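A.B. asks: Sequential numbering of the sequence shown, starting at 1, is according to full-length UniProt numbering. Pasting a structure below so you can have a look.
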Amino acid sequence: MSGNRERTYIMIKPDGVQRGLIGKIIQRFEDRGYKLIALKMQSATTEHLEKHYADLKGKPFFPGLIKYMASGPVVAMVWEGLDAVKTGRVMLGATNPLQSPVGSIRGDFCLAVGRNICHGSDSVDSAEKEIALWFPEGVTQYTSALDTWVFEN
Ligand code: IDP
Ligand code: MG
């Protein structure tokens, strides 16, 4: 089987929630064959968001980013499947929506880098850290009825 079975942390940001894009974003991951193993809506605190974006502390846009992310609830999710981290990022598009190809989530639904509606882990290592940060209670475990239709083995 090519590709690694991975988990990635995907989050719908406050603008994605307010614009009514939750269903559309989830649909794309379901349609591709990824398995949803954790999901919750949460209004994150500034402290929590500063931990999530710790790598970006010091960037000029950091205060605005935290304010944006704290401006309303987000939808936190964990998706599992082949190459979930890399393919999840491809499905999201580039950080700047104007450079995101049509067909990607950002390329289809948004325009501004500071309002780019979704987040996806950038490596397997960050995915593990982000899943632990957003889901300290753990994720679910179940066998998907689609497994044998989506995976070769
Ligand atoms: P990513 O979300 O594609 O991984 P990062 O570089 O990790 O991009 O940046 C995190 C988030 O910070 C971006 O998704 C975007 O919302 C915001 N951001 C990044 N660069 C800028 C910028 O130049 N201006 C405003 N916001 C930015
Ligand atoms: Mg990032």
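Heads up, the beta-carbon is just placed ideally off N, CA and C, and yes, glycines get one too. Because the structure is a prediction, the values reported are computed rather than measured.
1) Would you identify the three-state DSSP class for Gly93, choosing helix, strand or coil?
2) Leaving aside the five residues before and after Met69 along the sequence, list all residues of the same chain whose C-beta is less than 7 angstroms from its C-beta, in chain order.
3) Just verifying my parser: in three-state terms, what is the DSSP assignment at residue 226?
4) Take the Cβ of Glu47 as the centre, count every other Cβ of all protein chains shown within 10 Å, and call the residue buried at 16 or more, exposed below.
5) Where Asp125 and Gly20 are concerned, what is the direct C-alpha to C-alpha distance, given to the nearest angstrom?
6) Hey, could you find the ends of the alpha helix (DSSP H) Glu6 is sitting in?
7) Would you identify the three-state DSSP class for Leu21, choosing helix, strand or coil?
8) Three-state secondary structure (DSSP) at Gln99?
9) Going by beta-carbon coordinates alone, are Lys35 and Glu6 separated by less than 9 angstroms?
10) Would you tell me roughly how many angstroms separate the C-alpha atoms of Glu152 and Met11, rounded to the nearest one?
C.D. replies: Short version:
1) In the three-state reduction of the DSSP assignment, Gly93 falls in the coil class, being assigned neither a helical nor a strand state.
2) So the qualifying residues of the chain are Lys13, Pro14, Ala44 and Leu49.
3) Residue 226 lies beyond the range of the chain shown here (1 to 153); nothing can be said about it.
4) Classification of Glu47: exposed, given that the 10 Å Cβ count is below 16.
5) A straight line joining the alpha-carbon of Asp125 with that of Gly20 spans about 30 angstroms.
6) From DSSP, Glu6 is part of no alpha helix (DSSP H) but of the beta strand (DSSP E) over Arg5 to Ile12.
7) Residue state, collapsed to three classes: coil.
8) Reduced to three states, the DSSP call for Gln99 is helix.
9) Not closer than 9 angstroms, so no.
10) Distance between the alpha carbons of Glu152 and Met11: 28 angstroms.
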